[in-house]
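Undergrad: So the sequence shown is residues 1 to 291, counted in the UniProt record's numbering. Structure in structure tokens, see below.
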Amino acid sequence: MTSSNQPADLLGPVEIRALAEKLDVTPTKKLGQNFLHDPNTVRRIIAAADLDPADHVVEVGPGLGSLTLGLLDTVAKVTAVEIDRRLAAELPATVASRAPQYADRLTVVQKDALRVVPEDLGEPTALVANLPYNVSVPVLLHFLATFPSIRRVLVMVQAEVADRLAAESGSKIYGVPSVKAAFYGDVRRAGAIGRHVFWPAPNIESGLVRIDLFTPGTEPWPVNEESRAVVWPVVDAAFAQRRKTLRAALAGHYGSAAAAEEALRAADIDPQLRGEKLTVHDFVRLAGLTP
């Protein structure tokens with residue numbers, strides 16, 4: 001953001017450890033905590049998000065504030081959702097000491113991200129976060145479903161989860177997360193992140209996933225609660241037993257294998273295919289939302 005203000009003073013490894021010690025915080029696997037301590041990685045994430053200065057960014061799991069400080073430098077408003085009471089309480093103090101010129105841009109919501117509702121956040125325009133690895137896909141899908149105002153997503157997740165989210169039909173790793181993410185817009189890998197930019201260093205590599213959501217009014221299909229209620233059960237059933245043909249896999253959903261075959265043929269889909277061969281457009285068409 002163009003401003004005469006000084007840039008935020010980003011956190012490094014020494015500051016991260018000092019903050020954790022001050023708060024008596026030990027990163028836990030239960031909460032999927034690995035604290036980012038590399039300013040260059042923070043800058044990479046923000047650059048990959050391609051944010052607008054007017055954006056209202058929601059950040060899930062800000063931890064000690066590494067990414068938060070970089071975001072406050074860049075956009076008009078940041079709402080940080082943090083489940084850990086100590087971390088949520090400390091974040092405004094960290095911002096006040098390292099980026100006082102941007103303190104009024106920050107709102108902290110102490111809550112489980114999976115329980116966040118529109119009244120908590122208003123209308124964020126972007127989701128940018130180092131998502132807790134153990135709940136990354138549920139959190140991502142919850143925010144996409146709950147906040148239709150979001151137009152851009154840039155999240156850091158486990159590398160294999162990033163691959164799955166961005167996978168295309170026909171791939172062995174293509175599945176429910178791939179289809180459900182693509183339902184909202186264009187999904188792609190946006191980079192790889194090594195393990196040594198975190199404390200503690202995780203046992204796995206990380207990846208960035210970017211989603212450019214469909215522009216309102218030009219969506220290829222309705223993107224709302226009603227359409228998800230129709231499409232999601234078909235997607236879930238198609239992948240519940242991956243080795244089965246769609247005719248067999250969807251028999252329960254449609255009431256019988258014959259009824260499943262009839263629905264598939266009506267949607268111009270070969271009943272002998274498996275779920276991994278269908279694009280999101282195929283699933284939407286099968287659910288009856290598009291011709």
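Backbone N, C-alpha and C fix where the C-beta goes; we use that ideal spot for every residue, glycine too.
Between which two residues does the beta strand (DSSP E) harbouring residue 59 extend?
TA: From DSSP, the beta strand (DSSP E) with residue 59 extends over 56 to 60.
Undergrad: Taking DSSP's pairing of strands, which residues face residue 206 in a bridge?
TA: BP columns for residue 206 point to 158, 193.
Undergrad: Taking just the CA atoms, how far does residue 8 sit from residue 98?
TA: Straight-line Cα distance between these residues: approximately 6 Å.
Undergrad: With C-beta atoms as the reference, is residue 56 less than 8 Å away from residue 124?
TA: Contact: yes.
Undergrad: With a cut-off of 8 Å on the beta carbons, I'd call residue 78 and residue 59 a contact; round off their distance for me.
TA: The pair is a contact, with the Cβ atoms about 6 Å apart (cut-off 8 Å).
Undergrad: Measure the C-alpha to C-alpha separation of residue 141 and residue 225 and round it to an integer number of angstroms.
TA: Approximately 12 Å, taken between the alpha carbons.
Undergrad: Once you ignore the five residues that flank residue 283 on each side, which residues in its own chain have a CB closer than 7 Å to its CB?
TA: Only 179, 231, 234, 235 meet the Cβ criterion.
Undergrad: If you follow the alpha helix (DSSP H) that residue 180 is in, where does it begin and where does it stop?
TA: Segment 176 to 182, the alpha helix (DSSP H) holding residue 180.
Undergrad: What's the gap between the Cα of residue 271 and the Cα of residue 288?
TA: One C-alpha to the other measures close to 16 Å.
Undergrad: Tell me the rounded alpha-carbon separation between residue 4 and residue 227.
TA: With a pLDDT of 48 at residue 4, under the threshold of 50, the modelled position of this residue cannot be trusted, and the question is left open.
Undergrad: Apart from the five residues on each side of it in sequence, which residues of its chain come closer than 7 Å, Cβ to Cβ, to residue 177?
TA: For residue 177, where only same-chain residues beyond five positions count, the Cβ hits under 7 Å are 137, 164, 165.
Undergrad: At the level of alpha carbons, what is the spacing between residue 20 and residue 197?
TA: One C-alpha to the other measures close to 16 Å.
Undergrad: I'd like to know if the region 194 to 213 and the region 146 to 159 are in contact, where contact means that at least 3 CB-CB pairs between them fall below 8 Å.
TA: Contact holds: three or more Cβ-Cβ distances are below 8 Å.
Undergrad: By how many angstroms is the C-alpha of residue 75 removed from the C-alpha of residue 146?
TA: Approximately 22 Å, taken between the alpha carbons.
Undergrad: Give every residue of the same chain whose Cβ lies closer than 8 Å to the Cβ of residue 276, excluding the five residues on either side of it in the sequence, and list them in chain order.
TA: The residues are 169, 170, 171, 172, 174, 175, 239, 242.
Undergrad: Rounding to the nearest angstrom, what Cα-Cα distance links residue 22 and residue 251 in this structure?
TA: Cα to Cα, residue 22 sits roughly 57 Å from residue 251.
Undergrad: Among 112, 291, 278, 71, which has the Cα closest to the Cα of residue 139?
TA: Nearest C-alpha to residue 139: 112.
Undergrad: Go ahead and pull the three-state DSSP assignment for residue 83.
TA: Coil at residue 83, not helix or strand.
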